[in-house]
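Report on one structure; see the data block that follows.
Residue numbers (full-length UniProt numbering): 1 to 107.
Quick look at the structure:
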């Protein structure tokens with residue numbers, strides 16, 4: 001990793017400012033300490049894929065939920081989505097929990 005860091009610094013000096021590659025190198029070098037923190041502590045995950053996967057559905061639906069009609073409706077929807085996700089993370093099938101939420105008999 002140290003060799004990569006040294007190489008990136010050298011490459012940054014060769015690339016003119018304002019180019020896309022210079023912005024990418026600046027971004028990486030500015031965050032070097034955070035990006036390499038996992039090397040110091042084995043408990044720190046190398047990525048956040050698990051967290052990203054948990055919020056993907058909510059992020060995809062965000063634009064649709066802007067049409068909740070009112071702040072109150074939006075807050076209700078957020079509370080229900082939070083309950084559903086918490087149930088999923090705790091190993092519950094949400095269909096079992098919410099299957100009769102509309103009050104109709106399942107017979």
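Just so you know, even glycine gets a beta-carbon here, dropped at the ideal spot from N, CA and C.
Note that the structure is predicted; figures quoted are calculated from it, not measured.
Just how far apart, CA to CA, sit residue i and residue j?
i	j	result
residue 68	residue 85	19 Å
residue 19	residue 30	16 Å
residue 2	residue 66	46 Å
residue 90	residue 57	17 Å
residue 59	residue 38	27 Å
residue 87	residue 93	7 Å
residue 79	residue 40	38 Å
residue 5	residue 16	19 Å
residue 96	residue 34	42 Å
residue 71	residue 21	43 Å
residue 74	residue 53	23 Å
residue 81	residue 62	12 Å
residue 9	residue 50	31 Å
residue 13	residue 83	51 Å
residue 36	residue 7	15 Å
At least one CB of chain D closer than 8 Å to the CB of residue i: is that the case?
i	result
residue 41	Protein chains in the displayed structure number just one, and chain D is not present.
Original post:
Using 8 Å as the Cβ pair cut-off and three pairs as the minimum, do the segment 17-27 and the segment 36-55 touch?
Top reply: no
**OP:** Scan the segment 54-101 and note each continuous alpha helix (DSSP H) run of 4 residues or more that stays entirely inside, going in chain order.
**Re:** 71-89 and 94-98
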